[in-house]
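Colleague:
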Amino acid sequence: MNDIDSSTPAFLRNKYAIAGIGETTYRRGSNETTRNLATWAMGNALDDAGLDASDVDGMLSYTGNDSTSSPMVAGDLGIRLNFYMDCLGGGSSTEALVGIAIGVIEAGMCKTVAIFRSMNGFSQVRIGGTGARAAAPITGDALHGRTYGWSSAGQWFAPTFMRHMYDYGTTPEQVASVKVAHSKHASNNPKAYYRKRVTVDDVVSSRIVCKPLHLLDCCVETDNATCIIVTTTERARDMRQRMVQIRSVVGRCSKPRIDMHYQHGPISRVAGYYAKEILWPNAGVGPDEIDITGSYDAFTFTAMLQLEEYGFCKKGEGGEYVSSGIIELGGARPNNTSGGHLCEGYTHGMSMVIENVRQLRHEADDSCPVDSEGRRTHTYDYREGGCRQVQKAELTANLGWATPATTSAMVLQKGW
Amino acid sequence: MSVMVNGDYLGMPLAIEDVDSENLAYFRSCAEGVFRLQRGRKSGLLRYPPTTACPWTRDREYDWVEVEGRGTVHSYGEVHHAIQPAFRAFTPYLVLLVDLDTQKGVPSEDEALRVIANLVTPEGTLAPPDVVASVGIGTRVRMVFTPVGDGIAIPNWTVDESAIQPARPWRYPE
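Put into structure tokens, the structure is as follows:
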């Protein structure tokens, strides 16, 4: 991506901001409803932004039939809505809903939108489709999938991952470096569910779940809710936090034939191939200018494939890129500095946006000392248990993943 | 709406509703031992899996056409941790993505009829571990049908004994 055309119409570039972020803890066994978790996370986001219930008049959420709805959360928090919508979806949703929030505010439908995702992903509805869902009658489109024991995310994506190894010589050890990097980051994140640092050998010697995936190539399952608040930059200036602006969004950009995307190859190509043609021109910057990435790590492979496809390295060189040290704290462009879905917790993407907002505020919530004004004094010492703030954090890119065939993405910038 | 066809595969209930004419025709043909796909009238192109229109022309008119069930493994997943209880007794099992010989690279070089199914024995039962370990990208396979009920059989893949096989199909490094 050497030819970014920054003269391209900017499509509301920097006109909107993420003014608030909130999350629950990342746990297994929450013993709470998703409604309670959502209320908790949204309350934190309102506090973070310095907003009252009357300051929010729009709400968006996404669900895999495992969440609560906007009317419940709005009612609980005393928010009267001028707009809301709850939509189906998983890992490609956060950035797409940010785009929708911008659109509805731009259309004059509301002024400030709270976007949430709430899930008991460990103790209630597990993403792999286990329990009662695994035994339910197979009908309709699923006749061509579940019938063959092809029903979980890892099983669905395995042909893409395997073919990338075949096409480009990508090795299990290279890809394992993603987990190694994210585990280092998580060791400096007191909120993370898994904070233990692991080695490449730990990953490739863990049991095989579905080749090419070892257990440690797969993300964690947790119970949690997350929330972000989107409003205009103009309004955000009066709010509590340092400014983080939205330069560009892409929502659920897809490969051809998403009914059964393997019909259209190359199958080692993922949807970022198409999405990058929207993301970078609209942002007016390219991969070289990005300081931090948030490449979706449902699996080690998904983070690698998207970094490659969005142009952070040449196509086929993703294995070398993720094993080079670049993606680690202290490297040139760290990925998922919170530990991501592999280590921090599983939120269907929103926690990766929250982390990048914190990075751009220069307020990563690590173990560095807090001064009398409540600001962290970052040491930039990335040893275990230390700092995770990136020193030069001015531009971030979130690369969301639903399947090999669908992606969302967003470029954020430091605005203070 | 009601269920028109019921099947039972490895203890898993399969059901096709009466309104689901595409799947009814597809699986009924499999039950007859013939693999048929929809061919769009305008494009003359086959498509998989069953859909409601031609992805190249938007044409909703089509004919069911017999297609030879032979092809090459394009990629695969090898499941060691089964999610569905029905598959736990059969791990590791292979989910094969197979390029049919028919219409490969048509209408563009990136396209093919890529059919998902398991690796099975010639008799149609999930393949044992030694056979699983012998198959990879490049293996030549042929289709067999596993009957699971009246009016429904499941297409599956078995190693094509009559084909010239690659000396070493590509496998995930052990």
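So the sequence lines, in the order shown, correspond to chains A and B. In terms of my numbering, the first sequence opens at residue -9 and continues consecutively. In terms of my numbering, the second sequence opens at residue 9 and continues consecutively. All residues carry an ideal CB built from backbone N, CA and C; glycine is no exception.
1. For ALA35(A), which option in GLY405(A), GLN231(A), ARG25(A), ASN325(A) has the closest C-alpha, if you only look at C-alpha atoms?
2. Should MET340(A) be labelled buried (16 or more other beta-carbon atoms within 10 Å of its own) or exposed?
3. Determine contact between the region 144 to 162 of chain A and the region 250 to 263 of chain A, defined as no fewer than three beta-carbon pairs at a distance below 8 Å.
4. Measure from the alpha carbon of VAL167(B) to the alpha carbon of each residue in THR65(B), VAL140(B), ALA161(B), TYR180(B), then state which is nearest.
5. Ignoring anything shorter than 3 residues or poking outside the region 9 to 90 of chain B, list the beta strand (DSSP E) runs there in chain order.
6. Compute the beta-carbon to beta-carbon distance between ILE344(A) and GLU13(A), rounded to the nearest angstrom, for a pair I have assumed lies under 8 Å.
7. Distance check for PRO63(B) and ARG49(B), CA to CA, integer angstroms please.
8. So is CYS333(A) buried or exposed if we call it buried at 16+ other beta carbons inside 10 Å?
9. Whole beta strand (DSSP E) runs in the region 89 to 156 of chain B with 3 or more residues, listed along the chain?
10. Using a Cβ-Cβ cut-off of 6 Å (strictly less than) and excluding sequence neighbours within five positions of ASN(-8)(A), which residues of its own chain qualify?
11. Counting only Cβ pairs nearer than 9 Å, list the residues of chain C close to GLY85(B).
12. Just checking my contact of PHE1(A) with ASN179(A) at CB under 8 Å: how many whole Å lie between their CB atoms?
13. Check the Cβ-Cβ distances between ASP138(B) and every residue of chain A, and say whether any is below 8 Å.
14. Closer than 7 Å, Cβ to Cβ, to anything on chain A: give me those residues from the region 86 to 107 of chain B, in chain order.
15. Following the continuous alpha helix (DSSP H) through PHE147(A), name the residue where it begins and the one where it ends.
16. Enumerate in chain order the residues of its own chain whose CB-to-CB distance from CYS303(A) is below 8 Å, with the five nearest sequence positions on each side excluded.
17. What span of residues does the beta strand (DSSP E) with MET49(A) cover, start to end?
18. Within 10 angstroms of its Cβ, does CYS38(B) collect 16 or more other Cβ (buried), or is it exposed?
19. May I have the straight-line CA-CA distance separating TYR74(A) from SER60(A), to the nearest angstrom?
20. Which value, in whole angstroms, describes the spacing of the CA atoms of ASP38(A) and ILE11(A)?
21. Which of the three DSSP states is assigned to LEU389(A) in this structure?
22. Determine which residues share a DSSP beta bridge with TRP178(B) and list them.
23. Look up THR102(A) in the DSSP assignment and say whether it is helix, strand or coil.
24. Name the DSSP beta bridge partners of TYR74(A), please?
25. Please list the residues of the region 109 to 122 of chain B that have a C-beta atom closer than 9 Å to any C-beta atom in chain A, keeping them in chain order.
26. Excluding sequence positions up to five away, which residues of its chain have a Cβ less than 8 Å from the Cβ of ILE117(A)?
27. Find the nearest neighbour of SER51(A) within the set ALA288(A), GLU22(A), ALA104(A), judged by alpha-carbon distance.
28. List, in chain order, every chain A residue whose beta-carbon is nearer than 7 Å to that of ALA125(B).
29. What does HIS254(A) reach in chain B if we use C-beta pairs closer than 7 Å?
30. Any beta carbon of chain B sitting closer than 8 Å to that of ILE257(A)?
31. Excluding the 5 residues flanking THR369(A) on each side, which residues of the same chain have their C-beta closer than 7 Å to its C-beta?
32. Which chain B residues are close to LEU133(A), counting only those with a beta carbon under 8 Å from its beta carbon?
33. Can you list, in chain order, the residues of its chain whose CB lies under 6 Å from that of VAL260(A), leaving out five sequence neighbours each side?
34. Can you check whether the C-beta of ASP158(B) is within less than 8 Å of a C-beta belonging to chain A?
35. Using a beta-carbon distance cut-off of less than 9 Å, what residues from the region 52 to 73 of chain B approach chain A?
36. Does the Cβ-Cβ distance between HIS331(A) and ASP287(A) come in under 8 Å?
Modeller: The structure says:
1. Of the listed residues, the one whose Cα sits closest to ALA35(A) is GLN231(A).
2. Under the 10 Å beta carbon count, MET340(A) is surrounded by 16 or more other beta carbons and is classified as buried.
3. Yes: at least three Cβ pairs fall under 8 Å.
4. The candidate whose alpha carbon is nearest that of VAL167(B) is VAL140(B).
5. List check, beta strand (DSSP E) in window: 11 to 17, 20 to 25, 44 to 48, 70 to 74, 78 to 87.
6. Indeed they touch by this definition, with Cβ atoms about 6 Å apart.
7. Going by the C-alpha atoms only, they are around 12 Å apart.
8. Within a 10 Å sphere around the beta-carbon of CYS333(A) sit 16 or more other beta-carbons, which makes this residue buried.
9. As far as the region 89 to 156 of chain B is concerned, its whole beta strand (DSSP E) runs of at least 3 residues are 101 to 108, 122 to 126.
10. Because the pLDDT at ASN(-8)(A) is just 45, under 50, the model does not fix this residue reliably, and the point stays unresolved.
11. Checking the listed chains, one finds no chain C in this structure; the protein chains it contains are A and B.
12. Contact doesn't hold; Cβ gap of about 33 Å is too wide.
13. Not one chain A Cβ lies under 8 Å of ASP138(B).
14. So the close ones are GLU86, VAL87, HIS88, HIS89, ALA90, ILE91, GLN92, PRO93, PHE95, TYR101, VAL103, LEU105.
15. It spans 143 to 158 - the alpha helix (DSSP H) in which PHE147(A) sits, taken as one unbroken run.
16. Counting only Cβ-Cβ distances below 8 Å, and skipping sequence neighbours, we find LEU297, GLU310, TYR311.
17. DSSP places MET49(A) in the uninterrupted beta strand (DSSP E) bounded by 48 to 53.
18. Per the 10 Å Cβ criterion, buried.
19. When rounded, the distance between both Cα atoms is 7 Å.
20. The alpha-carbon atoms of ASP38(A) and ILE11(A) are separated by roughly 6 Å.
21. The answer is strand: DSSP assigns LEU389(A) an E or B state.
22. Beta-bridge analysis with DSSP links TRP178(B) to ILE145(B).
23. Of the three classes helix, strand and coil, the one that applies to THR102(A) here is strand, per DSSP.
24. TYR74(A) is bridged by DSSP to MET49(A).
25. So the list reads SER116, GLU117, ASP118, GLU119, ALA120, LEU121, ARG122, given in the order they occur along the chain.
26. Answer for ILE117(A): GLY54, GLY80, GLY111, SER142, ALA143, GLU211, TYR336, listed in chain order.
27. With distances taken between Cα atoms, SER51(A) lies closest to ALA104(A).
28. Within 7 Å Cβ-Cβ: TYR138.
29. By Cβ distance, chain B contributes ASP118, GLU119.
30. Interface residue, yes.
31. Around THR369(A): CYS358, GLY376, CYS377.
32. Correct list: LEU22, ILE24, ASN31, PHE35.
33. Counting only Cβ-Cβ distances below 6 Å, and skipping sequence neighbours, we find LEU295, GLU299, PRO394.
34. So no, ASP158(B) is outside the interface.
35. Residues of the region 52 to 73 of chain B that bring their beta carbon within less than 9 Å of a beta carbon in chain A comprise ARG55, TYR56, PRO57, PRO58, THR59, PRO63, in sequence order.
36. Their beta carbons are under 8 Å apart, which means HIS331(A) touches ASP287(A) by this criterion.
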